[in-house]
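Each residue of the sequence shown is one higher than the one before, starting from 222 at the first, in the UniProt record's numbering. These notes are about the structure you will find just below.
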Amino acid sequence: DSKDYDSETESVCPFCGVGCKVSLKVKDGKVKHVEGINGPANEGRLCVKGRFGFDYIHHPHRLTKPLIRRDDAPAKGLNVDPGNLSTHFREATWEEAMDLAGKGLMKLRDEDPKSVAGFGSAKCTNEEAYLFQKFIRQGFKHNNVDHCTRLCHASSVAALIENVGSGAVTATFNEIENADVAIVIGSNPIENHPVAATYFKQFTKRGGKLIVMDPRGVGLRRFATEMVQFRPGADVSMLNAIMNVIVEEELYDSQYIQRWTENWEAEKEHLKQFTPEKMSEICGIEPDQLRRVARIFAGGNAGLIFWGMGISQHIHGTDNSRCLISLALMTGNVGKPGAGLHPLRGQNNVQGASDAGLIPMFLPDYQTVTSDDVRKSFTDVWGGGDFSNEKGLTVTEIVDQAYAGNIKGMYIQGENPAMSDPDADHAREAFAKLELMIVQDIFLTETANYADIILPASALYEKNGTVSNTNRQVQRVRPAVAPPGEAREDWKVTVELARRIGLPWDYKDVSEVFNEMKLNMKSLNNITWERLETETITYPSLHETDPGQAIVFGDGFPRPEGRARFTPASVIPPDEAPDAEYPMIMTTGRQLEHWHTGSMTRRSLVLDAVEPEANCSLNPRTLKLMGVEPGEMVRLSTRRGSIEIMARADRAIAEDMVFVPFAYVEAAANILTNPALDPYGKIPEFKFSAVKVEKI
Ligand code: SF4
Numbered sequence: 222d223s224k225d226y227d228s229e230t231e232s233v234c235p236f237c238g239v240g241c242k243v244s245l246k247v248k249d250g251k252v253k254h255v256e257g258i259n260g261p262a263n264e265g266r267l268c269v270k271g272r273f274g275f276d277y278i279h280h281p282h283r284l285t286k287p288l289i290r291r292d293d294a295p296a297k298g299l300n301v302d303p304g305n306l307s308t309h310f311r312e313a314t315w316e317e318a319m320d321l322a323g324k325g326l327m328k329l330r331d332e333d334p335k336s337v338a339g340f341g342s343a344k345c346t347n348e349e350a351y352l353f354q355k356f357i358r359q360g361f362k363h364n365n366v367d368h369c370t371r372l373c374h375a376s377s378v379a380a381l382i383e384n385v386g387s388g389a390v391t392a393t394f395n396e397i398e399n400a401d402v403a404i405v406i407g408s409n410p411i412e413n414h415p416v417a418a419t420y421f422k423q424f425t426k427r428g429g430k431l432i433v434m435d436p437r438g439v440g441l442r443r444f445a446t447e448m449v450q451f452r453p454g455a456d457v458s459m460l461n462a463i464m465n466v467i468v469e470e471e472l473y474d475s476q477y478i479q480r481w482t483e484n485w486e487a488e489k490e491h492l493k494q495f496t497p498e499k500m501s502e503i504c505g506i507e508p509d510q511l512r513r514v515a516r517i518f519a520g521g522n523a524g525l526i527f528w529g530m531g532i533s534q535h536i537h538g539t540d541n542s543r544c545l546i547s548l549a550l551m552t553g554n555v556g557k558p559g560a561g562l563h564p565l566r567g568q569n570n571v572q573g574a575s576d577a578g579l580i581p582m583f584l585p586d587y588q589t590v591t592s593d594d595v596r597k598s599f600t601d602v603w604g605g606g607d608f609s610n611e612k613g614l615t616v617t618e619i620v621d622q623a624y625a626g627n628i629k630g631m632y633i634q635g636e637n638p639a640m641s642d643p644d645a646d647h648a649r650e651a652f653a654k655l656e657l658m659i660v661q662d663i664f665l666t667e668t669a670n671y672a673d674i675i676l677p678a679s680a681l682y683e684k685n686g687t688v689s690n691t692n693r694q695v696q697r698v699r700p701a702v703a704p705p706g707e708a709r710e711d712w713k714v715t716v717e718l719a720r721r722i723g724l725p726w727d728y729k730d731v732s733e734v735f736n737e738m739k740l741n742m743k744s745l746n747n748i749t750w751e752r753l754e755t756e757t758i759t760y761p762s763l764h765e766t767d768p769g770q771a772i773v774f775g776d777g778f779p780r781p782e783g784r785a786r787f788t789p790a791s792v793i794p795p796d797e798a799p800d801a802e803y804p805m806i807m808t809t810g811r812q813l814e815h816w817h818t819g820s821m822t823r824r825s826l827v828l829d830a831v832e833p834e835a836n837c838s839l840n841p842r843t844l845k846l847m848g849v850e851p852g853e854m855v856r857l858s859t860r861r862g863s864i865e866i867m868a869r870a871d872r873a874i875a876e877d878m879v880f881v882p883f884a885y886v887e888a889a890a891n892i893l894t895n896p897a898l899d900p901y902g903k904i905p906e907f908k909f910s911a912v913k914v915e916k917i
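If you want it as structure tokens, here you go:
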């Protein structure tokens, strides 16, 4: 009852890219209750994380004062007790911490500007992401700035920009209301995008045909017209076989192809070799089912394709996305109601942070750093100067350069690469080598264990600004409570640090940052701070009262002659084949109750009570052969390292697979994962590592 609370504030859930709108009920300076409200992406719904996962913001581990590593601290490592930081750090004033950080960064800059790099955050606001990339580009004159999109949908964005001219979704997920067929591939929305999944379930109840494709038998299979449980890493062979059927049976949309695409003849020719019979051996799916899927999807009037990290996190992630784009184009399924391409975004603001230019090859709105005109348009706004026209280093490349000793200083805002990077021990060793590591966060994350200076920051429910969800919907976030102690909003910390390295920054309010972004971001045309006070706006918004376009590219693509492109994809095997020593396949991901590296949800009472322990899932027959009972411990080993973890039985996992969530520091999945990269999106192959599973 509203009379039980002191205040109610509207904001946006801090976890996944669905972007559910919430009302935060506050009593005595603390958020006590969260309710879903009527945002366009959730219509009042919330999942368990949004509903119960808010109390981490009041956890006693919150950082409340700046910290400086003690001179007599033990060697850097994952060795700090979050309940007793004084063994490694001493409290400092903001003045002292900022002075030390600024002088340290300037010393490194004087020696070699490229010795400093930055990781921003998809959990911060659009304005904070924009300021962070500007800090590196203006402050150090290069583009070595990135964030976790590199570990998420970088390959999807590479393929989308290449073939349809834009990295964002072409249709909101709510467009499934107007579809009669949909594919969900490499994605487990019931656990990872639960509110979006409710729309998918409703779609099937209305008679929509749902094709679920995944090496794991994900929860959505219960609602599927076809469940296609293919071999891990065999995406291209399967998708090319499906497209081969569409070509052979002439199920494609000739008019659409002729009017809106290029390179069709080459694609058609390329697909001839990928017959269902030949590809069946690789992907493990019967030719009959491949043909059925092709006929169902091509036979629909309007079809959507949703995908997740099962598609993107492979060394052939860009090729996987190219196939999905080709499938949509050949069936005329882009640019009309109920049709389109939708990579489901992970973090709450990974879309917005990418749009805001927090990536090494692009400035805001995906404008390339290699263009002199583009850079000039930014430096004109920023007050002169220029910065490198070379694309910068990506997340894993920056870590490699830190390991090699070429990068000596890092500014890390709200990311936890000591848990989220592949081959995490390698990343941790790299961080231990840095001369200056500044970490800005709300908790002493695993990454902050290695910091020299820690700056206490704000949780989303303590912030003012905007975020953009998977649907391209821009929404306001508002502070329901103040940050604890001396913690500050992230944008204010970055502004102060910029001043300390000599940049003439002078923002009094976060709305000024938003208004600066608008000067060089056409995507924000007609989206104003004032409108966002009361509206959620989907970009592009065509005029001052347009709530925005749910579907784009109905009248052509932002590419030469307005045409989308078919880019043929060939079959590339995973980087690391199982062998006698590592005979099984490990894949990683999230589970419903925990978010990414667990720093927030494992400090949330309800969520931690439901899922308190590191676990992996194996097929019951595999467990039986090993003599392991569910609940017993197993050892997982790859060429990178070993972890010990509790085993669960899951009939939906293939017998030669193990699934490991990456939220648990005590059994960190990323100690095991393969850092091999997709050459285009530079995304690591999190979804396929050769692994040995042993009974302990
Ligand atoms: Fe939050 Fe995503 Fe759950 Fe919505 S679906 S409540 S945005 S975690």
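C-beta atoms are modelled at their ideal positions from N, C-alpha and C, and glycine is treated no differently. Since we're looking at a predicted model, the values are computed, not measured.
Beta-carbon proximity of residue i to residue j, cut-off 9 Å
i: C237; j: G567; result: yes
i: A873; j: R442; result: yes
i: R290; j: D662; result: no
i: R823; j: A890; result: no
i: E256; j: K246; result: yes
i: F778; j: A785; result: yes
i: S232; j: K242; result: yes
i: I517; j: K426; result: no
i: I628; j: V337; result: yes
i: F310; j: A296; result: no
i: residue 918; j: Q354; result: Absent from the model: residue 918. The displayed extent of the chain is 222 to 917, so no value can be given.
i: P581; j: L614; result: yes
i: P799; j: D877; result: yes
i: I463; j: L525; result: no
i: P677; j: L306; result: no
i: K913; j: E802; result: yes
i: R697; j: E754; result: yes
i: K845; j: G635; result: no
i: L828; j: G630; result: no
Own chain partners of residue i with C-beta closer than 8 Å, once the 5 adjacent residues on each side are dropped
i: S408; result: H414, D435, V439, F527, W528, G529, M530, G531, I532 and L565
i: Q476; result: G553
i: M738; result: N347, E348, Y351, A577, P585 and L745
i: A639; result: L299, A645, A648, R649, F652, T666, E667, T668, N670 and Y671
i: L251; result: The question names Leu, but residue 251 is Lys in the sequence shown. Around K251: H279 and V702.
Neighbourhood of residue i by C-beta, 7 Å cutoff - its chain only, sequence neighbours within 5 removed
i: residue 928; result: The structure shown has nothing for residue 928, since the chain only spans 222 to 917.
i: S744; result: D576, D586, Y760 and P761
i: E832; result: Q812, E814 and H815
i: P334; result: F361, K362 and H363
i: W485; result: I478 and F787
i: R720; result: W726
i: S732; result: W750
Any chain C beta carbon closer than 9 Å to residue i
i: T749; result: The displayed structure is made up of one protein chain only, and chain C is not part of it.
Anticipated Cβ contact below 8 Å, residue i with residue j, distance rounded
i: residue 184; j: V716; result: Limits of the chain in this structure are 222 at one end and 917 at the other, which puts residue 184 out of reach.
i: P882; j: R811; result: 6 Å
i: Q572; j: A389; result: 7 Å
i: S825; j: G274; result: 4 Å
i: N685; j: P700; result: 6 Å
i: G240; j: N637; result: About 21 Å; that fails the 8 Å criterion.
Proximal residues to residue i (C-beta, below 6 Å), its chain only, five neighbours per side dropped
i: A519; result: I467, L472 and T552
i: T591; result: N610
i: V616; result: D367 and R371
i: G325; result: L657
i: F664; result: H282 and S820
i: N680; result: The residue you asked about is not Asn; residue 680 is Ala in the sequence shown. Only I278 and I663 meet the Cβ criterion.
(request) For the segment 893-900 and the segment 831-850, state whether three or more C-beta atom pairs, one from each stretch, are separated by less than 8 Å. (result) no
(message) Under 8 Å: do the segment 391-398 and the segment 593-610 share three or more Cβ pairs, one atom per stretch?
(response) no
(message) Taking 8 Å as the cut-off, does the segment 366-377 touch the segment 477-497 (at least 3 CB pairs, one atom from each stretch)?
(response) no
(request) May I ask you to verify whether the segment 260-269 touches the segment 798-806, counting CB pairs closer than 8 Å and requiring at least 3? (result) no
(message) Within 8 Å, do at least three Cβ pairs link the segment 614-633 to the segment 590-602?
(response) no
(message) Measuring CB atoms only, is the segment 538-551 touching the segment 785-795, in the sense that at least three cross pairs come out at less than 8 Å?
(response) yes
(request) Indicate whether the contact test is met: 3 or more Cβ pairs, each with one atom in the segment 338-354 and one in the segment 722-740, closer than 8 Å. (result) yes
(message) Three Cβ pairs or more, each shorter than 8 Å: is that satisfied between the segment 688-704 and the segment 316-330?
(response) no
(message) Any residue with its C-beta under 5 Å from a non-hydrogen atom of the ligand SF4 counts. Can you list them all in chain order?
(response) C234, F236, C237, V239, C241, L267, C268, K270, G271, P415 and V416
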